[in-house]
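K.L.:
My questions will all concern the structure given below.
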Amino acid sequence: MSVTKDDVRKVARLSRIAVSEQHVEELVGELNGILSWIDQLNEVDIDGVEPMTSVVETTLPMREDIVTDGDIQDQVLANAPRTEDGFFVVPKAVE
Amino acid sequence: MSARTPYVIKGETGDWELVMGLEVHAQVSSNAKLFSGASTAFGADPNCNVSLVDAAMPGMLPVINKYCVEQAIRTGLGLKAQINTYSRFDRKNYFYPDLPQGYQISQFAHPIVGEGEIEVDVEPAHGGDAYAFPCRIERLHLEQDAGKSIHDMDPSSTYVDLNRSGVALMEIVSMPDIRTPAEAAAYVKKLRAIVIALGTCDGDMEKGNLRADVNVSVCRPGQYEKFRETGDFSHLGTRCELKNMNSFRFIQQAIEYEARRQIEILEDGGSIDQETRLFDPVKVETRSMRSKEDAHDYRYFPDPDLLPLEVEQAWIEEIRATLPELPDEKRARFETDYGLSRYDAGVLSADAEKASFFEDVAKGRDPKLAANWVTQELFGYLNKQDIELADSPVSASSLGGLIELIANDTISGKIAKDVFARMIEGEGEASDIVEMHGLKQVTDTGAIEKIVDDIMAANPDQVAQIKEKPKTMGWFVGQVMKASGGKANPKAVNDILKAKLGL
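In structure tokens form, the structure reads like this:
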């Protein structure tokens, strides 16, 4: 598997990261290096092995349906660059 | 119950048919959010029902709400669907200001509920006959709701409230089994009735607690049947997704507009772009939502913050044992216990409030008579006046009292309608109204015989002609009823007239 310049531009756009044209070229090299390293894993025979999504031998812990949190508007908004009347205010984002 | 007939749209180049599949988002009724302990209550001040988990602060970890899982299982059981003892949460990645995590926690590859099926009752809008069809459910999965963006508070800014962020949603996906705009609305109505009966979602569409996305495509007659035989989607047209509709009327209008739009493009030799479209209820049209070239590239992957969701079969059985009577079961019971038609049983069982009102009226009385009076007279009146059943001027026990008077021949059905009108006006109980206005039916044969004799004596010509013209009988009945002020028992009048006229 190898990535192209177009792949890098697409991933950058999906991640909302601005990448200069010159940087794209570098990233193609870096990403391909990482991917070829990962490719080595393909040498392992995993026929009949269930995909593992966790290394923990426990089940999903659950909480009861009780309100235990919230009412911390000041903390929630503390890092926001702009707020008004309890709302986050961000640049216009409408279709 | 009549058969399902194809819904055909005439185009310039021939006939077209519709194919639809729906995705319904139903907010889970719970106190706390899916992965945090913040409240789900509606109408709080902005960003007050928000924990640091919902705001996606670094280092925060989700912990699942057990009750939300139970609600999803309960809904799955109500949809007669497969409950998966193993399911898993995935991240659906996209950027939007009201999604602080940058991804929605959802279930992609392994939903908690698999295939099911519901029976949908359709009442076509344009006066066609009612019918039912089975709609297959593809899956139901749990996911987080996003926050709310408000665009009209400032010309250059968007205001974001995260109160809804992280509230549990059930996304219920149907198979492409829906073929008309009325069927789409009827399907949502049925789902809504089921989740309300189960208590898993309040079904409040105005608040957006239940909303539908409709995938619409058009095809030529015969293509859909090929698709059903083979499962091959290439027999169907390219679909467009109409987003986020929260009224039955909008759903139908949007589909009707969208079908026309697609047919026009295809007949002009164009092709349909698979895209997401928004319905504008003011202009009654759909428009493209965004250039979605990347939008469907959600790069799903298993959420590393959450272990797989494994549920015990015993727990599923425990939930199954607590299921209430569902609308379909209620309908079946109304058909067998009360001898109602499928249509009446369907109307009366569709929502719990109507059903219990009917059962109160029918208790110990003639159930068919009760069903007729509840659906025709009472619901007819309430619909026309736009009054909720809860505010009905006539209570179940009062209506029951009226029905008793009809059943024991105290009043005729015709007089009963006048009495009912007076009950609506607030004149009191049926028996008092009948007493006060002397509306009691005359069943005393002596009195009726006297009227008949008088009329026969006054109209010798008609009496003479009755043998040649038996239809004159109707005229006699009319005269007798008129002379009695409408109070004579119609059956007694008929019997006495026949005897006296020698028919």
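In order, the protein sequences belong to chains A and B.
Residues in the first sequence are numbered consecutively from 1, following the working numbering.
Residues in the second sequence are numbered consecutively from 1001, following the working numbering.
Even for Gly, the Cβ is constructed at its ideal location relative to N, Cα and C.
Using a Cβ cut-off of 8 Å (strictly closer), state whether B:Tyr-1037 contacts chain A.
P.N.:
The question names Tyr, but residue 1037 of chain B is Gly in the sequence shown. Chain A contact via Cβ: present.
K.L.:
Report buried or exposed for B:Glu-1012, applying the criterion of at least 16 other Cβ atoms within 10 angstroms of its Cβ.
P.N.:
Looking at its Cβ environment, which holds fewer than 16 other Cβ atoms inside 10 Å, B:Glu-1012 is exposed.
K.L.:
Using DSSP bridges, identify the partner residues of B:Gly-1014.
P.N.:
Beta-bridge pairing links B:Gly-1014 to B:Gly-1011.
K.L.:
Hey, does A:Lys-5 have any beta-carbon neighbour from chain B nearer than 8 Å?
P.N.:
Not an interface residue.
K.L.:
Checking contacts by CB at 8 Å: is B:Glu-1285 closer than that to chain A?
P.N.:
No, because no Cβ of chain A sits closer than 8 Å to the Cβ of B:Glu-1285.
K.L.:
Classify B:Met-1170 as helix, strand or coil using the three-state DSSP reduction.
P.N.:
Three-state result, B:Met-1170: strand.
K.L.:
Give, in chain order, every residue of the stretch 1301 to 1332 of chain B whose Cβ lies closer than 7 Å to some Cβ of chain A.
P.N.:
For the stretch 1301 to 1332 of chain B, which is checked against every Cβ of chain A, the residues closer than 7 Å are Pro-1302, Leu-1306, Leu-1307, Pro-1308, Leu-1309 and Glu-1310.
K.L.:
Among B:Gly-1486, B:Tyr-1343 and B:Ala-1168, which has the Cα closest to the Cα of B:Lys-1414?
P.N.:
Of B:Gly-1486, B:Tyr-1343 and B:Ala-1168, the residue nearest in Cα terms is B:Gly-1486.
K.L.:
How many angstroms separate the CA atom of B:Asn-1494 from the CA atom of B:Val-1463?
P.N.:
Cα to Cα, B:Asn-1494 sits roughly 15 Å from B:Val-1463.
K.L.:
In chain order, what are the residue ranges of uninterrupted alpha helix (DSSP H) at least 4 long that sit wholly in the stretch 1054 to 1096 of chain B?
P.N.:
The stretch 1054 to 1096 of chain B contains these whole alpha helix (DSSP H) runs: 1066 to 1078.
K.L.:
Measure the CB-CB distance between B:Asn-1215 and B:Gly-1021 and report whether it falls below 8 Å.
P.N.:
Yes.
K.L.:
Please go through the same chain and pick out, in chain order, the residues whose beta-carbon is closer than 8 Å to the beta-carbon of B:Thr-1472, but skip the five residues on each side of it.
P.N.:
Contacts found: Gln-1462, Gln-1465 and Ile-1466.
K.L.:
Mind pulling the chain B residues with CB within less than 7 Å of A:Gly-70?
P.N.:
The contacting residues are Ala-1038, Ser-1039, Cys-1048, Asn-1049, Val-1050 and Ser-1051.
K.L.:
Do the stretch 85 to 94 of chain A and the stretch 1207 to 1223 of chain B meet, that is, are 3 or more Cβ pairs less than 8 Å apart?
P.N.:
With the cut-off at 8 Å, the stretch 85 to 94 of chain A and the stretch 1207 to 1223 of chain B do not touch.
K.L.:
Rounded C-beta distance between B:Ser-1271 and B:Arg-1239? I'm assuming under 8 Å.
P.N.:
Incorrect: roughly 13 Å between the Cβ atoms, too far for contact.
K.L.:
Kindly give me the distance between the Cβ atoms of B:Val-1028 and B:Gln-1082, rounded to whole angstroms, as I take these residues to be in contact under 8 Å.
P.N.:
Incorrect: roughly 19 Å between the Cβ atoms, too far for contact.
K.L.:
When the Cα of A:Thr-4 is compared with those of A:Ile-46, A:Ala-78, A:Trp-37 and A:Val-28, which residue comes out closest?
P.N.:
Checked all of A:Ile-46, A:Ala-78, A:Trp-37 and A:Val-28; the closest Cα to A:Thr-4 is A:Val-28.
K.L.:
Among B:Gln-1274, B:Asp-1273, B:Glu-1285 and B:Lys-1482, whose alpha-carbon lies nearest the alpha-carbon of B:Ile-1255?
P.N.:
Of the listed residues, the one whose Cα sits closest to B:Ile-1255 is B:Glu-1285.
K.L.:
What are the residues of the stretch 1082 to 1095 of chain B that lie near chain A, defined by any Cβ-Cβ distance shorter than 8 Å?
P.N.:
Going along the stretch 1082 to 1095 of chain B in chain order, one finds Arg-1088, Asn-1093 and Phe-1095 with a Cβ nearer than 8 Å to chain A.
K.L.:
Could you tell me the distance, in whole angstroms, from the CA atom of B:Glu-1275 to the CA atom of B:Arg-1287?
P.N.:
Approximately 10 Å between the Cα atoms of the pair.
K.L.:
Name the chain C residues that come within less than 7 Å of B:Lys-1243, Cβ to Cβ?
P.N.:
Annotation note: the requested chain C is absent from the structure, which comprises protein chains A and B.
K.L.:
Check whether the Cβ of A:Glu-64 lies closer than 8 Å to any Cβ atom in chain B.
P.N.:
So, interface residue.
K.L.:
Going by C-alpha to C-alpha distance, which of B:Phe-1133, B:Ala-1168, B:Lys-1010 and B:Tyr-1131 sits closest to B:Val-1069?
P.N.:
Considering only alpha carbons, the answer is B:Ala-1168.
K.L.:
When you check each C-beta in the stretch 1055 to 1067 of chain B against every C-beta of chain A, which residues fall closer than 7 Å?
P.N.:
Going along the stretch 1055 to 1067 of chain B in chain order, one finds Ala-1055, Val-1063, Ile-1064, Asn-1065, Lys-1066 and Tyr-1067 with a Cβ nearer than 7 Å to chain A.
K.L.:
What number of angstroms, rounded off, separates the C-alpha of B:Leu-1539 from the C-alpha of B:Arg-1331?
P.N.:
Nothing can be reported for residue 1539 of chain B, as the shown portion of chain B is limited to 1001 through 1503.
K.L.:
Since A:Val-94 meets chain B, which of its residues come closer than 7 Å, beta carbon to beta carbon?
P.N.:
In chain order: His-1151 and Thr-1158.
K.L.:
If you count every other CB in all the chains shown that lies within 10 Å of the CB of B:Asn-1408, and 16 or more means buried, which is it?
P.N.:
B:Asn-1408 comes out exposed.
K.L.:
If you count every other CB in all the chains shown that lies within 10 Å of the CB of B:Lys-1469, and 16 or more means buried, which is it?
P.N.:
Exposed.
K.L.:
Helix, strand or coil: which one does DSSP assign to B:Met-1473?
P.N.:
If DSSP states are grouped into helix, strand and coil, B:Met-1473 belongs with the helices.
K.L.:
According to DSSP, what are the bridge partners of B:Gly-1021?
P.N.:
B:Asn-1215.
K.L.:
Leaving out five residues on either side along the sequence, give the residues of the same chain with a beta carbon under 8 Å from the beta carbon of B:Ala-1003.
P.N.:
Correct list, in chain order: Tyr-1131.
K.L.:
What residue range is occupied by the uninterrupted alpha helix (DSSP H) comprising B:Thr-1230?
P.N.:
Looking at the DSSP string, the run of the alpha helix (DSSP H) that includes B:Thr-1230 is 1223 to 1230.
K.L.:
Would you please state the rounded distance, in angstroms, between the beta carbons of B:Tyr-1086 and B:Pro-1308? I believe it to be under 8 Å.
P.N.:
Confirmed, about 6 Å.
K.L.:
Under DSSP, the beta strand (DSSP E) around B:Glu-1117 begins and ends at which residues?
P.N.:
Residues 1116 to 1122.
K.L.:
Check whether the Cβ of B:Pro-1097 lies closer than 8 Å to any Cβ atom in chain A.
P.N.:
At least one chain A Cβ lies under 8 Å of B:Pro-1097.
K.L.:
Determine the extent of the alpha helix (DSSP H) in which B:Val-1347 is found, giving its start and end residues.
P.N.:
1342 to 1349 is the span of the alpha helix (DSSP H), which, as asked, contains B:Val-1347.
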